[in-house]
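Here's the structure, in structure tokens; my notes come after.
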Amino acid sequence: MKLQHIAGEEMFIDFAGKKLHIIDRHTGEITPVEVFVAILPCSQYTYVEACTSQKRADMISCCSNALRFFGGVPKAIISDNLKSAVNRSSRYEPDINRSFKDFARHYNCVINPTRGYSPQDKALVENAVHLAYQRIYYPLREMTFFSLKDLNREITVLLERYNNLLFKRKESSRIELFQRTERQYLKDLPADTYELKDYKRAKVQKMGYVYFSPDKSYYSVPYRYIGKETTIHYTKSRVEVFYSHERIALHQRNLIKGNYITNTDHLSSTHRFYSEWNPEFFKKKALPHGEYVLACIEKILASQDYPEISYKRSLGIIQLHRAYGSQRLNNACKRALDTDACSYLRIKNILKNNMDRVHLLDDPTQQIQPHIPFHSNIRGASAYE
């Protein structure tokens with residue numbers, strides 16, 4: 495049957511049956527590589543790329559490169575029933591691979607696999623493979639390539655020449671037909687290039703983290719999801735955690751094994767309070783209660799090499815304002831500073847015994863004056879000579 499192909503409607507994809515090769519520069523080992531072919535059937539504009547395998551990651555990467563090469567997105571991608579695209583083939587409703595389906599959702603198109611064992615459903619790309627053998631494989635037959643990058647660079651040169659060849663009956667080339675009849679009907683490419691996603695299931699642990707097995711690391715989620723079963727969607731650059739189809743956490747992927755990656759917004763109030771402990775935190779807490787409280791806290795923080803001890807003492811002193819008020823606490827800290835007694839227990843005893851209300855004498859000479867007043871009847875040392 496002669497099929498009429500609508501501009502911007504479809505993109506056919508396939509892998510060539512014959513492989514190309516690259517050679518290891520040091521060992522001389524020959525490595526076969528796959529060749530991916532994509533074609534827009536209305537204009538027959540063709541894209542060719544060598545890749546390491548037909549696996550899902552390589553196939554999706556090639557499709558993404560093909561769409562960038564065409565500069566737009568068709569309504570549908572027509573593939574055969576290879577495992578990297580289809581989990582279960584069916585004449586009526588095939589089961590599309592989850593990653594490939596996600597790729598199609600990102601580019602706002604659909605996947606429409608052909609019927610099983612029916613290459614005629616995508617005859618144009620099958621023909622494009624045979625033309626690639628003539629126009630690309632044949633010129634490469636006597637060339638040696640040491641990397642996939644070098645091979646694809648030469649394929650790009652030959653592909654441009656191939657797309658510029660004139661059709662015998664249409665008196666125009668593939669690139670001319672594409673620019674004239676099909677380019678305007680392709681949908682715009684999304685702003686971001688698709689990143690291949692993989693999926694894992696994980697239960698939120700009691701600490702509020704999910705275990706990410708590929709990197710043997712842990713990622714935080716909001717503490718209210720502790721004990722829930724979640725799904726992790728991950729790419730090369732980020733990790734997303736979903737619960738009931740709702741994203742509850744997003745992290746930049748950290749490839750260091752055994753790390754705990756934490757978003758402080760996910761922590762409970764008690765965990766967040768403890769995680770924020772540092773000298774500036776306690777100085778900020780002390781400042782509203784008075785200058786002497788702040789000075790006392792600064793002195794305690796500077797006195798300890800191991801910060802956890804000074805943090806606990808500082809927290810205890812600041813908490814005394816709940817029982818005695820900020821004014822009394824400030825006065826007690828002033829007395830502690832004057833007597834060089836800056837510690838939690840001493841300040842607590844000052845407040846408990848109301849010593850903060852007894853003012854110390856500022857003039858040290860007044861402290862050594864006798865308490866007995868002067869009187870003429872009192873005999874002095876001269877009376878005993």
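Last residue of the sequence shown? That's 879 in the numbering used here, and every number before it is there in order.
Idealized CB from N, CA, C, for every residue including glycine.
For residue i, the three-state DSSP class (helix, strand or coil)
| i | result |
| --- | --- |
| residue 681 | strand |
| residue 508 | strand |
| residue 503 | coil |
| residue 741 | strand |
| residue 527 | strand |
| residue 796 | helix |
| residue 514 | strand |
| residue 842 | helix |
| residue 727 | strand |
| residue 536 | coil |
| residue 626 | helix |
| residue 660 | strand |
| residue 635 | coil |
| residue 746 | strand |
| residue 858 | Confidence in residue 858 is poor, its pLDDT being 48 and thus under 50, which makes the residue's placement unreliable; the coordinate value appears in the next sentence. Note: residue 858 maps to helix in three-state DSSP. |
| residue 544 | strand |
| residue 852 | coil |
| residue 697 | strand |
| residue 732 | strand |
| residue 552 | helix |
| residue 688 | coil |
| residue 714 | strand |
| residue 641 | coil |
| residue 837 | coil |
| residue 667 | strand |
Whole-angstrom distance between residue j and residue i, CA atom to CA atom
| i | j | result |
| --- | --- | --- |
| residue 510 | residue 641 | 19 Å |
| residue 771 | residue 848 | 31 Å |
| residue 623 | residue 527 | 15 Å |
| residue 757 | residue 719 | 14 Å |
| residue 737 | residue 684 | 26 Å |
| residue 858 | residue 701 | Any reading at residue 858 needs caution, since the residue's pLDDT is 48, under 50, leaving its predicted position unreliable; the model's value is listed next. Distance between the alpha carbons of residue 858 and residue 701 is about 57 Å. |
| residue 725 | residue 558 | 25 Å |
| residue 499 | residue 649 | 27 Å |
| residue 807 | residue 776 | 10 Å |
| residue 513 | residue 574 | 18 Å |
| residue 730 | residue 747 | 7 Å |
| residue 832 | residue 815 | 20 Å |
| residue 743 | residue 714 | 8 Å |
| residue 545 | residue 516 | 11 Å |
| residue 585 | residue 616 | 15 Å |
| residue 588 | residue 762 | 45 Å |
| residue 797 | residue 845 | 23 Å |
| residue 860 | residue 850 | For residue 860, the predicted structure reports a pLDDT of 48, less than 50, and the residue's modelled location is therefore unreliable. A value from the coordinates is still provided. Their backbone Cα atoms lie some 20 Å apart in a straight line. |
| residue 722 | residue 698 | 6 Å |
| residue 608 | residue 750 | 42 Å |
| residue 632 | residue 621 | 16 Å |
| residue 795 | residue 809 | 11 Å |
| residue 580 | residue 627 | 27 Å |
| residue 733 | residue 563 | 29 Å |
| residue 782 | residue 769 | 21 Å |
| residue 610 | residue 583 | 7 Å |
| residue 799 | residue 805 | 11 Å |
Test item: CB-CB of residue i and residue j under 9 Å
| i | j | result |
| --- | --- | --- |
| residue 577 | residue 591 | yes |
| residue 728 | residue 705 | no |
| residue 765 | residue 717 | yes |
| residue 560 | residue 675 | no |
| residue 598 | residue 572 | no |
| residue 646 | residue 774 | no |
| residue 518 | residue 619 | no |
| residue 696 | residue 651 | no |
| residue 682 | residue 566 | yes |
| residue 812 | residue 779 | yes |
| residue 755 | residue 745 | yes |
| residue 594 | residue 629 | no |
| residue 843 | residue 786 | no |
| residue 830 | residue 840 | yes |
| residue 679 | residue 504 | no |
| residue 671 | residue 662 | no |
9 Å Cβ cutoff, residue i in contact with chain B
| i | result |
| --- | --- |
| residue 526 | Included in the structure is just one protein chain, with no chain B present. |
Inter-stretch contact (C-beta, 8 Å, three-pair minimum) for the segment 644-659 and the segment 536-544: yes
Pairing CB atoms from the segment 687-704 with CB atoms from the segment 543-556, are three or more of them under 8 Å? yes
Taking 8 Å as the cut-off, does the segment 602-610 touch the segment 629-647 (at least 3 CB pairs, one atom from each stretch)? no
Is the number of C-beta pairs between the segment 835-851 and the segment 782-794 that are closer than 8 Å three or more? yes
Mind the definition here: the segment 515-535 touches the segment 707-714 only if three or more C-beta pairs lie below 8 Å; say whether that holds. no
Within the segment 754-794, ranges of the alpha helix (DSSP H) (whole runs, at least 4 residues): 763-769, 773-780
Extract the residue ranges of the alpha helix (DSSP H) inside the segment 561-620, only unbroken runs of 4 or more that lie entirely within it. 592-600
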